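Chains A, B, C, D and E supply the protein sequences, listed in that same order.
For the first sequence, the numbering used here gives the first residue as 1, with consecutive numbering after it.
For the second sequence, the numbering used here gives the first residue as 371, with consecutive numbering after it.
For the third sequence, the numbering used here gives the first residue as 741, with consecutive numbering after it.
For the fourth sequence, the numbering used here gives the first residue as 1151, with consecutive numbering after it.
For the fifth sequence, the numbering used here gives the first residue as 1421, with consecutive numbering after it.
Every residue gets a Cβ at the ideal spot worked out from N, C-alpha and C, and that includes glycine.
The structure displayed is predicted, hence computed values, not measured ones.
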Amino acid sequence: MSNVTLNNICKEYDNGYKAVQNVNIDIKDKEFVVLVGPSGCGKSTTLRMIAGLEDITSGELKIADKVVNNLPPKDRDIAMVFQNYALYPHMTVYDNMAFALKLRKIPKNQIDEKVKEAAKILGLESVLTRKPKALSGGQRQRVALGRAIVREPKVFLMDEPLSNLDAKLRTQMRTEISKLHKKLGTTFIYVTHDQVEAMTMGDRIVVMKDGFIQQTATPQELYENPNNMFVAGFIGAPQMNLIEVNINEENKNIVASFNDIKISIPLGKGKILKKKGYIGKKVVLGIRPEDIHMENVFIEASKETSFNAKVEIQENMGAEIYAYLNVGGENVTARLNARYKLKDDEEVVLAMDGNKIHLFDLETEENILL
Amino acid sequence: MSNVTLNNICKEYDNGYKAVQNVNIDIKDKEFVVLVGPSGCGKSTTLRMIAGLEDITSGELKIADKVVNNLPPKDRDIAMVFQNYALYPHMTVYDNMAFALKLRKIPKNQIDEKVKEAAKILGLESVLTRKPKALSGGQRQRVALGRAIVREPKVFLMDEPLSNLDAKLRTQMRTEISKLHKKLGTTFIYVTHDQVEAMTMGDRIVVMKDGFIQQTATPQELYENPNNMFVAGFIGAPQMNLIEVNINEENKNIVASFNDIKISIPLGKGKILKKKGYIGKKVVLGIRPEDIHMENVFIEASKETSFNAKVEIQENMGAEIYAYLNVGGENVTARLNARYKLKDDEEVVLAMDGNKIHLFDLETEENILL
Amino acid sequence: GSSQDSVGDKVNVDIFQFKVEAKDALEQAANMYMEKNPNVKINIQTVGGGDDYGAALKSKFASGEEPAIFNIGGPQDMIDWSEKLEDLSTESWVSQAYDGTLDPVTKDEKIYGMPFNQEGYGFIYNKELFEKAGIDPESIKTFGDLENAVKLLDSKKEELGLKSVFAFPSKETWVTGLHLSNVAFSNEFGNVTNAFNSKELKFKYADSLKKLVDLQADYAYMPDGKKASLNSVDYSTQVEELFSLGQVAIIQQGNWAYGSVVDIDEDLAANIAMLPIPLEGVKEDSIPVGVPMYWSINNTKDEEVKKASKDFLNWLYTSDEGKDLIINKFKFIPALKGYDTDNLQPQDTLAKEIIRYSNEGKTMPWVFMGYPSAWGQENLGADIQQYLAGNMTWDQLVEDAKATWAKARK
Amino acid sequence: MKTRKLLLGLIGSIIGLIYLSPFYIIIVNAFKSKKELFQSTLGLPESLNFDNFIEAFDRLDFFHVFLNSLMITVGSIVLIVIFSAMAAWMLERTKTKMSGFIFFAFIAAMLIPFQAVMLPLIRMMGKLNLLNIPGLMFTYLGFGCSLSIFLYHGFVKGIPKELDEAATIDGCSKWQTFWYIIFPILKPITITVSILNTVWIWNDFLLPSLIINKPETHTIPLRTFFFFGEYTKQWHLALAGLTLTIIPVIIFYFIAQKHIIKSVTAGSIK
Amino acid sequence: MKKNRLAFWGFVGPAVFAFTLIVVIPLLFGIYYSFTDWNGISSNIKFIGFENYMEVFKDKGFLDSFIFTTKFTIASVITINIIGFSLALLVTRELKTSNVLRTIFFMPNLIGGLILGFIWQFIFTKAFAALGEVTGATWLLGWLSNTETGFWGLVILMSWQMSGYLMIIYIAALQNIPQELIEASRIDGASACQRVKHIVFPLVRPAFTVSLFLTLSNSFKLYDQNLSLTGGGPANSTQMIAMNIYNTAFKFNNMGVAQAKAVIFFLVIGGITLSQVYITKKGEVEM
Ligand SMILES: Nc1ncnc2c1ncn2[C@@H]1O[C@H](COP(=O)(O)OP(=O)(O)OP(=O)(O)O)[C@@H](O)[C@H]1O
Ligand SMILES: Nc1ncnc2c1ncn2[C@@H]1O[C@H](COP(=O)(O)OP(=O)(O)OP(=O)(O)O)[C@@H](O)[C@H]1O
Ligand SMILES: [Mg+2]
Ligand SMILES: [Mg+2]
């Protein structure tokens, strides 16, 4: 059993800065939890408190049901992978991985066995005698992982382990870490500020901002039902379009309008708006780029959510196109199939998928529909 | 007029390493050309030869129809943006931008005018008095651009200007540079190893490998008709699936088979295979992840290209899923709509879009169909 | 302390001395003595590098590792170190001291130092050159004689292969500020004690001293042809280079220069002698002879250590073996009587000259140990440099000398 | 480009020769007799005569004093390196007022002229019974740690803190972290610190003369100064002795110099 | 927390202990002596308040040596840094001889200060003279015989010795300048001189801070080379403060006054160097 429980954890630095506030997370055994959020939101601080590198100001931290607030790192049975790997530059790959075991006075042959095994899992067998300097970025990353693996810890902590890699390697290592998690069956706590990583790797994602947790949920849940505008904007690329609109009732229909564009809100959502008293008020309408469509069939069927737009610029991604549109003065991004050949400054008609519309309170930024 | 012509350009470093070999590129006035390729393929070397930072070993380089092989950088009327921006850390943003003009002894008021104008274009007005250290990554990037803009050069050279930015900013700056190119109407030569950048920004893309040019074409052309396996694999994410198959004729049909999987090759392509004598031989079949479909309708209609697969791991990207599949022992990636909820280790049936199949010679790696 | 003074049952005698040139001889003497007196262990420490004995001695005492035997230089040292000095007036060698040699270290009938040796200085000249120039050194008694000889030499410079007549090392302020000035002041004060006690300096013989300075400076080798450059001429240039290589004929130095000359040219060293330093109209046919340093014994040491120390010094200077060492190894001119036998006569040409002058009574005392602390070098010597450089007239120098003397004695 | 490089190479060689010329004077004169030395200071020696070296070797009791010097230098360097590195690491990693103050005090001490503390120091050393070789090493530690800590401190700044933390998580105590991780990484700067302190301690005259001036503990400089007498300097021997003295340091420097370039760098700049 | 403090002192303790014993306590004693009439020998020491300090202010020799030291420091700090910097520029140009030159330029540091002074005395008075006589250049004659040649002799000696040391610091700094900045300036149109002036120079400023600190404190404290080269002469005109203090203490046996001078001196160079560090640090750039 290696569940990790954070109970009302707070962290105030010596200079009085409150980096983490009232954080509650309940991480189950073998779960892969990702902490995600913009730079400076307190992810690393949280992780470092779990590791024991940072004192906990208040709250209770349990690992395997045991309170560990005052235990030094080495007694917490955790391993950590650092953003910059923190490999010992003067030791070979082998020694880097064996170091923690040597300190634990584990017999030589056992160490050897474990290191070799980890090296095999990570495909590092051929570089065991090299120093970190002589490794490529991806290899270094794997050594950092290996160093953690050999320890067979209860909990794996990783602080942006992929952020120093280039795009291709990052994609590749992402799957490798996922595979590793499956293979080891250990609890993983993973910090990143990259939402793609969070989405693709986590069993559950904790979204943080300014020291507070914004939402804790599975990736799909997070993507489909973001708690608030921040989560909505943070998760998904290209970003969800967020447009300030006026809500009015027109002929029994609830209509969101901005400038001269009018979008009908589907019935169910409209009802909630009405119930919560948003008629006549301003709210923020959110629609993801992939929920804007250009297929004629679709547009025909969705007259109430269609609108005119002018193509400002477009990016060809091969299989699809990101179209940056001007819709009644607002910037809107749409993700379209590459078969549509758009011209710059072309006027086009598009339609939103009404079911995928999100609505947020202008003040509190909370999701109105939840 | 500011066209740039590279005529049989070669570069051999002092240590005898041939970094660039027989490169021919003809860049038109106002064109946006992207040099792309894996690390070490000679992109930077090529760019630096154009800039005059590196001697040209052989060949002829013309800028605006004038041979400039032996001109020092400052006389070539070019500007360059470096990967790590290379901002002068001891100068303010203003001075960074004004430096080149000051060296040219341009009157103070003119400098002021130009710098202010560039700052306006780039949205840097409010940070003109700051030093680079006090800027965010994106702002630094823009200063680097600004420094180039004020010079009003004939040609803009950029060496991986976005690679130091995080994913979000990178996407944003990408469009900004595209806009800038439109606005300035200058020739841009842009180096990157990121195929997404290349695809989205370039009017034309030059793909390089090991010092040689592999293909020069528009993004769409490159994506749809890659010259060879290298280009096919390099362009597009997730990468094109490349599978070694046996070509046989079965009942008049040309069939590609591997292990116990059989895929029928569409008529037109089959003909070419036959004509070129590939029957009974091995070739490489390429299919892009987005050209593998799971819609029942599609599968029904494409029995000849359907196959069974086992889901190994999947990545949820929000709007879609990358499924990493095991197809008869081969790893195949499919890019599926997020509405398909796959389970790990699930057996599924998929089908390829026969029209999108690419075929490559096993030896030469050339595209057979071209 | 007492515990560290004796190792086992041996009496430990630590000697802290300044004369590098005497180091080997002293060690030899100590070894001989220890062989005879197995209960005594003598440890010798020598301060290398020249003139820093004062500082070294102070730090030695500050460190607590006080030596049993050390050196003091004159009245001022005697007062400064009075807390540490053992009265030696009951020692047997006292009666053998030459007249006046104990004055600088005598106070209230008590004697605090044993003379190291005697030294004397004058105008050392190259006999061969004098011969070639046709000058009879015997005839030079007065300043006038000297001046004439110098002029004659100067006129024959070329044929004698001379760069100049003199080499005048005004960089070495002890040569000018102490030794040369001593010629004037020993005649003004008569002896060290008077000098030491004098509140003021009259500088009675300023003019005669000026002549000595001028004569040497005017006819000296000047590196860049200007007088001011004399200030870069040091002992080594004067003695070892210019004089020993036969490039100058006369230098003002003492018997210690023999060692320097002999190192360069043995033949030349055998062929040199000393002219008097004549103070015109005052005392002309004589040279200054004195005791440069004294041995002292630390009175805070245990009686047995003090006794062993006294015994060692006694043995060194009065036993037959000791005397032999003093003459033939140390190459000293003894400051005690009783070195009369033939085998106890110094062999080197300059020492012989000093003894000749002493025997003829043509000496004047050394009084510069009676100058105020560092005055001779730091004030007078420096002023002479200023004078040579043309930054100061002789009158200003005289005034300044008087003023600084008076200030120091305030 | 090519001619420019050639020109620079030429300038470099000329300046190099100028820098070497004093060494030329040392070496040629080490082969001359005293007389020859004064007769022609600049010329080459008449014959390649090793007499001076033999005599200097003898008079210095070179073997013996060499061992003393070696022991003192090595011992002091070991002390300085270990304790300065330890202190610098802690001072850099601890961000408290106290650590800032201590660091400042170390730096400020570089400005103290030695003469100002000489006598009180000797007096105290005597009281503490430290007028011996261990005492001398300890003194070198006291005086040497300022610059050394300064250099180490700058270097430590460049070592990512994550390395310490990784070690902590791997189960290291502070002590283990220092010895297993930090100290090995400090190697380049350790070599710099060693070179700079060696150059100083190997050649130092004043401190040994004050603290260990006994024949059996003499160092090379103490003996070399016996060639400088009250009146006469035995230049021919002194220069031969000097040549003997600096050869070991030059060899040491040659071996270590590959690292020093990288190191003063890291130490002093960042 | 308590454990942290324990570890802190465990690591810092030994150095602090040695430092306190060897430097701090003697310094405090030294300050105490500056208020006494101690002559360095006697065991009865009287407290006399600020009398020694008054004495110092009346001492013209001290003032002269202060002025001389200041002049020397200014000249040597400038020349040492310029030469050191130029050497660093030279040997970072990827010449074939770079490594050899680096060794050669550093070699003067391998000789101790006192001996170095004697050797240069030898060079100035003998070698210069020999050269002067051969070439007929009279300015090579009579070195060290007057204040100017003594002054420049010291400056030359120190430049020869220290410039290699600084070169190493500057090399490090130069190598830290990103190559791209140099290239960017080439593209911006800067000539070699402009590049050094506008780009290289500002970027090695942190090295300047360190180098200035080291050269300032070294030049101010200079003793060995001063003693053995000129001995302060002629007429004490090249006597630097350290020597003045030394002589006061050991030649004039005025330990109290000497300590007062040392205290004043320490305060002054402390003030100067610290403000130097403060000023130069302010203009530094962080990359
Ligand atoms: N030692 C410290 N003292 C004071 N404040 C600190 C300290 N360490 C971090 N902080 C502050 O706490 C906040 C949270 O920092 P943290 O490192 O946890 O952010 P993060 O979410 O990991 O960001 P990033 O993605 O940039 O790594 C930041 O605002 C940071 O400035
Ligand atoms: N100065 C040099 N001397 C020798 N070889 C060099 C030099 N500079 C670059 N090379 C080699 O030339 C090849 C091409 O280098 P270049 O910098 O052009 O690659 P690149 O395509 O820009 O790669 P990257 O994406 O990593 O920047 C590489 O193999 C590199 O190792
Ligand atoms: Mg972080
Ligand atoms: Mg590149």
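Quick check: is any heavy atom of ligand 1 less than 7 Å from the C-beta of Asp14 (chain A)?
Yes, the beta carbon of Asp14 (chain A) sits closer than 7 Å to at least one heavy atom of ligand 1.
Assign Ser1296 (chain D) to buried or exposed, taking buried as 16 or more other Cβ atoms, counted over all protein chains shown, within 10 Å of its Cβ.
Burial call: buried.
Let me know if Pro778 (chain C) comes out buried or exposed under the rule of 16 or more other beta-carbons within 10 Å of its beta-carbon.
Counting of Cβ neighbours within 10 angstroms places Pro778 (chain C) among the exposed residues, the total staying below 16.
Got a sec: is the Cβ-Cβ distance from Lys114 (chain A) to anything in chain D below 8 Å?
Under the Cβ distance rule, Lys114 (chain A) does not count among the residues neighbouring chain D, no pair being separated by less than 8 Å.
Under 9 Å by beta carbon: chain E residues contacting Lys444 (chain B)
Here the neighbours are Arg1606, Ile1607, Asp1608, Gly1609, Ala1610, Ser1611.
Determine the DSSP secondary structure at Val1107 (chain C), reduced to helix, strand or coil.
Assignment of Val1107 (chain C) by DSSP, reduced to helix, strand and coil, places it in the coil class.
Segment contact, 8 Å Cβ cut-off, at least three pairs: the region 1563-1583 of chain E with the region 1497-1510 of chain E:
Remark: three or more beta-carbon pairs, one from each stretch, lie closer than 8 Å, so the region 1563-1583 of chain E and the region 1497-1510 of chain E are flagged as touching.
Is the CB of Ile177 (chain A) under 8 Å away from at least one CB in chain B?
Not closer than 8 Å to any Cβ of chain B, the Cβ of Ile177 (chain A) fails to qualify, so no.
Interface positions of the region 995-1024 of chain C facing chain D (Cβ-Cβ less than 8 Å), listed along the chain:
For the region 995-1024 of chain C, residues whose beta-carbon sits nearer than 8 Å to a beta-carbon of chain D comprise Trp996, Ala997, Gly999, Ser1000, Asp1003, Ile1004, Asp1005.
Interface residues of chain E around Gln1326 (chain D) at Cβ under 7 Å?
Result: empty, since nearest Cβ-Cβ is about 12 Å, beyond 7 Å.
Note down the Cα distance separating Leu359 (chain A) from Met240 (chain A), rounded to an integer number of angstroms.
Using only the alpha carbons, I get a separation of about 12 Å.
Hey, is Thr1512 (chain E) close to ligand 2, as in C-beta under 7 Å from one of its heavy atoms?
Outside the cutoff, so no.
Using a C-beta cutoff of 8 Å, does Asn439 (chain B) count as contacting chain E?
For Asn439 (chain B), the answer is no, since every Cβ of chain E falls outside 8 Å of its Cβ.
Report the three-state DSSP secondary structure of Met772 (chain C) (helix, strand or coil).
In the structure shown, the three-state DSSP call for Met772 (chain C) is helix.
Helix, strand or coil for Asn922 (chain C)? Go by DSSP, reduced to three states.
Reduced to three states, the DSSP call for Asn922 (chain C) is helix.
Which residues of chain D have a Cβ atom closer than 8 Å to the Cβ of Ser1643 (chain E), listed in chain order?
Strictly speaking, residue 1643 (chain E) in this sequence is Tyr, with Ser absent from that position. For the C-beta of Tyr1643 (chain E), the chain D residues within less than 8 Å are, from N- to C-terminus, Pro1263, Phe1264, Gln1265.
Can we say the region 579-595 of chain B touches the region 554-562 of chain B, given the rule of at least three CB pairs closer than 8 Å?
Counting C-beta pairs closer than 8 Å gives fewer than three between the region 579-595 of chain B and the region 554-562 of chain B, which falls short of the contact rule.
Taking any Cβ of chain E, which residues in the region 1229-1244 of chain D have a Cβ under 7 Å from it, in chain order?
Residues of the region 1229-1244 of chain D with a C-beta atom less than 7 Å from some C-beta of chain E are Phe1233, Ser1234, Met1236, Ala1237, Trp1239, Met1240, Leu1241, Thr1244, listed in chain order.
Within 10 angstroms of the Cβ of Lys381 (chain B), are there 16 or more other Cβ atoms? Answer buried if so, exposed if not.
With 16 or more other Cβ atoms within 10 Å, it is buried.
Which same chain residues end up closer than 7 Å to Thr1545 (chain E) when comparing Cβ atoms and leaving out the 5 residues on each side of it in sequence?
By the criterion of a C-beta distance shorter than 7 Å, Thr1545 (chain E) is surrounded in its chain by Trp1563, Leu1564, once the five residues flanking it on both sides are discounted.
Restricting to Cα atoms, I'd like to know which of E:Phe1431, E:Val1443, E:Ala1627 is closest to Ala1592 (chain E).
Residue E:Ala1627 is the option with its Cα nearest to Ala1592 (chain E).
Quick one: which chain A residues come within Cβ less than 9 Å of Asp564 (chain B)?
In chain order: Asp166, Ala167, Lys168.
Close beta carbons around Leu1636 (chain E), own chain, < 8 Å, minus the five adjacent residues each side
Within the same chain, Thr1493, Val1497, Ile1689, Ile1692, Thr1693, Gln1696 come within 8 Å of Leu1636 (chain E) by CB-CB distance, once the 5 residues on both sides are set aside.
Does the distance between the C-beta of Thr45 (chain A) and the nearest non-hydrogen atom of ligand 1 fall short of 7 Å?
Yes; taking the cut-off as 7 Å, the Cβ of Thr45 (chain A) has a heavy atom of ligand 1 nearer than that.
Smallest Cα separation from Asp1060 (chain C): which of C:Phe925, C:Lys763, C:Thr1081, C:Ser948?
The option with the nearest alpha carbon to Asp1060 (chain C) is C:Thr1081.
Closest to Gly813 (chain C) by C-alpha separation, out of C:Ile1073, C:Pro1074, C:Lys1071, C:Ser1036, would be which residue?
Selected option, being the one with the closest Cα: C:Ser1036.
Does Ala1316 (chain D) come within less than 8 Å of chain A when only Cβ atoms are used?
The C-beta of Ala1316 (chain D) comes closer than 8 Å to at least one C-beta of chain A.
Which of the three DSSP states, helix, strand or coil, is assigned to Cys1613 (chain E)?
Under the three-state reduction of DSSP, Cys1613 (chain E) is assigned to helix.
Short of 7 Å in beta carbon distance, which residues of its chain neighbour Glu1242 (chain D), apart from the five on each side in sequence? Order them along the chain.
For Glu1242 (chain D), where only same-chain residues beyond five positions count, the Cβ hits under 7 Å are His1303, Val1306, Lys1307.
Bridge partner(s) assigned by DSSP for Tyr861 (chain C)
DSSP lists C:Gly994 as partners of Tyr861 (chain C).
8 Å Cβ cutoff, Gln1614 (chain E) in contact with chain D
For Gln1614 (chain E), the answer is no, since every Cβ of chain D falls outside 8 Å of its Cβ.
Report back the beta-carbon spacing between Phe1439 (chain E) and Phe1355 (chain D) to the nearest angstrom; my notes put them in contact at under 8 Å.
No, Phe1439 (chain E) and Phe1355 (chain D) are not in contact; Cβ-Cβ is about 23 Å, not under 8 Å.
Starting from Gly1469 (chain E) and walking both ways along the alpha helix (DSSP H), at which residues does that stretch end?
For Gly1469 (chain E), there is no enclosing alpha helix (DSSP H), as DSSP marks it with neither H nor E.
Measuring alpha carbon to alpha carbon, tell me which residue in E:Phe1621, E:Leu1574, E:Val1436 is nearest Leu1594 (chain E).
Here the closest residue by C-alpha is E:Phe1621.
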